[in-house]
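Report on the following structure.
Residue numbers (the working numbering): 8 to 349.
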């Protein structure tokens, strides 16, 4: 065992390891950037609201092969600029990449959203293929293939054929639904313990309270505590208006989480008043008497979130609404008004 370890790390200097780690972080952001723009072709992002995985084969291949393609491109680049020594154990980029991704998930409290068995398959497959590719890179004098060798790889057509078939396979969502519900309820329980007094003192209304927690959970998901620390640091350096605190309120003054909640509740209350004013006397009033219309209107306008923001917040709202007994729309149905008069 000691012999194997010594062979692996022979010639693997600290500065090479540092370069590989830096490249793994670059790879992390590249994969996230590409993934965010590959939704139209089936890429499955981490979201709180349940979504259908319409392209499981694409998602698997993208997540597994992206690090491998990256290390090959890095190897070609190092060779081209005369730094072939940095190709030593270049598969560590893949190892560092997956380790950094796991660390990110844990630090942003997204562990309950993660299918860890699926991740283990990704890790073992990706790292295993990286080791295999590295063995191929070590055995050739020139990394880039010749035209003749490319023509000989007809098996690629078979892979494409199998991929197109597997991409039509639909995977059960039961595990995903359970993980996401557990995540939402876990964050709701945590935040309720911390901020229940503040929110109840401001709102004496189940609808507003549930909506505030829904927005809080989604904002915390998008801006986890590590990102918020960076925002605070940037605020202290620039002294320019930033979105701060757990509720991501835009401000030119320092505010903590509790102050951001207080300011956010005022914004939510004002948006609710705008909703009532705009639609309570409208000829289309009957279309706005549901709880979803009230929540969607406020969520869509909160921080300029838009339809995507509204969809995610509403998904969280429907998960935690069972903890409230008196959630009502801001604009009651006429039938309910008539019953009250009776």
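Positions of the beta carbon are idealized from the N, C-alpha and C atoms, including for glycine.
(message) Assess contact between the region 102 to 110 and the region 212 to 232, defined as three or more Cβ pairs (one per stretch) separated by less than 8 Å. Is contact present?
(response) The region 102 to 110 makes no contact with the region 212 to 232: fewer than 3 CB pairs, one atom from each, lie closer than 8 Å.
(message) Using a Cβ-Cβ cutoff of less than 6 Å, which residues in the same chain neighbour residue 140 once the five nearest sequence positions on both sides are dropped?
(response) What you label residue 140 is simply residue 133 of the chain shown in a count that begins at 1. Contacts found: 75.
(request) Return helix, strand or coil for residue 345, following the three-state DSSP convention. (result) Translated into positions along the chain shown, residue 345 becomes position 338. Confidence is the limiting factor: at residue 345 the pLDDT is only 47, short of 50, which leaves the residue's position unreliable, though a coordinate-based value still follows. Looking at residue 345 - three-state DSSP - the assignment turns out to be helix.
(request) Starting from residue 249, trace the beta strand (DSSP E) both ways and give me its first and last residue. (result) Along the chain shown, one-based indexing puts residue 249 at 242. Here the beta strand (DSSP E) through residue 249 covers 249 to 251.
(message) Which residues does DSSP list as the beta-bridge partners of residue 256?
(response) For the purposes of this step, residue 256 is taken as residue 249 along the chain shown, with counting starting at 1. According to DSSP, which records beta bridges pairwise, residue 256 is partnered with 251.
(request) Determine contact between the region 301 to 317 and the region 267 to 286, defined as no fewer than three beta-carbon pairs at a distance below 8 Å. (result) yes
(request) Quick one: give me the first and last residue of the alpha helix (DSSP H) that residue 101 is part of. (result) Taking the first residue of the chain shown as 1, we reach residue 101 at position 94. Per DSSP, residue 101 belongs to the alpha helix (DSSP H) from 99 to 114.
(request) Leaving aside the five residues before and after residue 329 along the sequence, list all residues of the same chain whose C-beta is less than 8 Å from its C-beta, in chain order. (result) Along the chain shown, read from residue 1 onward, the residue named residue 329 stands at position 322. Within the same chain, residue 329 has no close Cβ partners at all.
(message) What residue range does the alpha helix (DSSP H) around residue 225 cover?
(response) In the chain shown, counting from the first residue as 1, residue 225 sits at position 218. Note, residue 225: alpha helix (DSSP H), 213 to 229.
(request) Please check the pair residue 137 and residue 78, which I expect to be a contact at CB under 8 Å, by giving their CB distance rounded to whole angstroms. (result) Here residue 137 refers to the residue found at position 130 when the chain shown is read from its first residue. Here residue 78 refers to the residue found at position 71 when the chain shown is read from its first residue. Between residue 78 and residue 137 the Cβ distance is about 6 Å, and since that is below 8 Å, they are a contact.
(request) Determine the DSSP secondary structure at residue 69, reduced to helix, strand or coil. (result) For the purposes of this step, residue 69 is taken as the residue at position 62 of the chain shown. DSSP places residue 69 in helix when its eight states are reduced to three.
(request) With distances taken Cα to Cα, identify the nearest neighbour of residue 187 among 249, 236 and 325. (result) Stepping through the chain shown from its first residue, residue 187 is reached at position 180. Answer by Cα proximity: 325.
(message) For residue 323, tell me which candidate among 275, 184 and 230 has the shortest Cα-Cα distance.
(response) Here residue 323 corresponds to residue number 316 of the chain shown, with the count starting at 1. Residue 323 has its Cα closest to that of 184, out of 275, 184 and 230.
(request) Could you tell me the boundaries of the alpha helix (DSSP H) in which residue 303 lies? (result) Position 296 of the chain shown, counting from 1, holds the residue named residue 303. Per DSSP, residue 303 belongs to the alpha helix (DSSP H) from 298 to 308.
(request) Counting only the same chain and skipping the five closest in sequence on each side, list residues whose C-beta sits under 6 Å from that of residue 317. (result) On the chain shown, residue 317 is found 310 positions in, with the first residue counted as 1. Closer than 6 Å at the Cβ level, and outside the excluded window around residue 317, lie 303, 306 and 307.
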